[in-house]
Amino acid sequence: MFSDIISLELKKFKKIKRDLNRVSVSYEEINEKSLLKNLNSKLELERLALKSKEITDSFFGKTVLLYAPLYISNYCVNGCAYCGFSATNRIERDKLEDKEIEKEMIALKEKGFDTILILTGEDRIRSGVEYILKAIKIARKYFSEILIETYPLEQDEYKKLIDNGLCGVTLYQETYDKNLYFKLHKFGPKKNFEYRLNAIERAVKAGIKEVNIGPLLGLNKNFDFDVYMTLMHAKHIQNNYPEVEVSISYPRMRSSVSKIKTYPVTDIDFVKIICLSRLFLERVGINISTRENAYIRDNLIGIGITKMSAESKTTVGGYFQNSSDLKQFEIEDSRSLNEIIKIIEKKGYRPEFTNWVKI
Ligand code: SF4
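To convert, note that position 310 of the sequence shown is 310 in the numbering used here; the numbers rise steadily by one, no gaps.
Here is the structure:
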């Protein structure tokens, strides 16, 4: 499990940081040392982007996978200091019934999506495993690829969902800095750092085919630490479970509802992070969500990115009906799926709608 080696990775990180001035910038040989050096240096972004594009094209072809998130519940028992869904926030809570879930899914299918990411807040009682299972069973009627982003589950719970059509699990560690993690997660089951950290491997052991991990950039003053640890985590999964498709997302904090001090990552650093991740892990998938604006998203097509969400709503029931006004985060790119398809094609890439064929 990654929790068994995280302290070793931490020691390695500290040692490299101490000796960083003895390491040189490199675009060719990206190992742990040059990765950290590059993350902390001014780089020739154009050269870096070209290298990243070359690798991305050779491993993924000229394709970009498009998917849609669907929030089916925003009940949450956790106290994450940075999130509008936090249990202490007095907001309108909502949870879709089966028929409403189906209407939302039909609305997404009619738009042309074939991959869906089902999201809940983290509440084992109100959005129990049976509730998630029901949503997956409904999704199976319409989508080839079904992914979830929920609270961490036990291995046998993941297995049950996989047996019923689940293809992938997204779970963000938010930050790999344990002290900061404890400060930011005030109460609730999410306070258990290791349980969350090992959830991805429980899903893998249960037979999941795709996993997506990442930090929430902006929480940690030292973004290089969370990027480094995310990549070590992804590498650990790739090395130990080569049959699993591993992806990374780098959501950036923007939400105005956040009451805590954040450390925004600049556009230049963001592009650098995407490109260096590609150079370090050539076959890792890299996601970009509609948290990012159209300009950044369009310019990153082909430059490392392999998956994009599109036409997203971050409210519960946002496609067919608008049952809640509270968004988990603000959408920066609100263009339609068709508009995004056109941009991808204009750049010489082929939009894909699934990695899987429904049988
Ligand atoms: S980040 Fe997730 S777990 Fe934390 S309050 Fe928001 S919805 Fe709940």
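From the three backbone atoms N, C-alpha and C, an ideal C-beta is built for every residue, glycine too.
Just to confirm, does residue i get its C-beta within under 7 Å of one of the non-hydrogen atoms of ligand 3?
i, result
"PHE182", "Only ligand 1 can be found as ligands here, which leaves ligand 3 out of the picture."
Going by beta-carbon coordinates alone, are residue i and residue j separated by less than 8 Å?
i, j, result
"VAL23", "LYS37", "yes"
"LYS103", "ILE303", "no"
"VAL227", "LEU43", "no"
"TYR142", "LYS109", "yes"
"ARG252", "ARG291", "yes"
"LEU96", "LEU117", "no"
"ASN212", "SER247", "yes"
"PHE223", "VAL271", "no"
"GLU157", "GLU210", "no"
"LEU70", "MET105", "yes"
"VAL316", "SER127", "no"
"HIS233", "PHE59", "no"
"ILE162", "ILE208", "yes"
"ILE200", "ILE237", "yes"
"ASP114", "GLU145", "yes"
Is residue i buried or exposed, if buried means 16 or more other CB atoms sit within 10 Å of its CB?
i, result
"ARG278", "buried"
"PRO152", "buried"
"LYS190", "buried"
"VAL204", "buried"
"VAL25", "exposed"
"ILE125", "exposed"
"PRO215", "buried"
"LYS183", "exposed"
"PHE187", "exposed"
"ILE6", "buried"
"ASP19", "exposed"
"ASN220", "buried"
"LEU171", "buried"
"ASP177", "buried"
"LEU281", "buried"
"SER336", "exposed"
"ASP4", "exposed"
"ASN355", "buried"
"LEU369", "As displayed, the chain neither begins before 1 nor continues past 359, which places residue 369 out of reach and without an answer."
"ARG90", "exposed"
"ARG350", "exposed"
"ARG47", "exposed"
"GLY348", "exposed"
"SER312", "buried"
Could you check what DSSP says for residue i in three-state terms: helix, strand or coil?
i, result
"ALA68", "strand"
"LEU119", "strand"
"VAL246", "strand"
"ILE374", "This structure cannot speak to residue 374, because the chain is shown only from 1 to 359."
"LEU166", "coil"
"GLU174", "strand"
"ARG124", "coil"
"SER324", "Confidence at SER324 is low in this model, with a pLDDT of 48, below 50, so its placement is unreliable and no value can be given for it."
"MET308", "strand"
"GLU352", "strand"
"THR63", "strand"
"PHE2", "helix"
"CYS76", "coil"
"LYS95", "strand"
"GLU282", "coil"
"GLU201", "helix"
"LEU219", "coil"
"LEU147", "strand"
My assumption, with CB atoms under 8 Å, is that residue i sits in contact with residue j. Please give the rounded CB distance.
i, j, result
"ILE274", "ILE305", "7 Å"
"ASN164", "LEU133", "6 Å"
"ARG202", "GLU243", "Rounded, the Cβ-Cβ distance is 16 Å, inconsistent with contact."
"LEU45", "ILE268", "7 Å"
"ASN78", "ALA68", "Actually they are not in contact, since the Cβ atoms of ASN78 and ALA68 sit about 25 Å apart, beyond 8 Å."
"LEU35", "LEU231", "7 Å"
"GLY121", "CYS80", "The Cβ separation is near 10 Å, so there is no contact."
"ASN360", "ASP333", "No answer is possible for residue 360: the residues shown for the chain start at 1 and end at 359."
"ALA310", "ILE288", "10 Å between Cβ atoms; not a contact."
Cβ of residue i within 7 Å of any heavy atom in ligand 1?
i, result
"GLY218", "no"
"PHE187", "no"
"SER86", "yes"
"LYS103", "no"
"LYS191", "no"
"GLU330", "no"
"GLY121", "yes"
"ASN212", "no"
"CYS80", "yes"
"CYS83", "yes"
"CYS167", "no"
"CYS76", "yes"
Let me see if you follow: with CB-CB separation under 8 Å, is residue i close to chain C or not?
i, result
"MET105", "Judged by its chain identifiers, the structure shown contains no chain C, having just a single protein chain."
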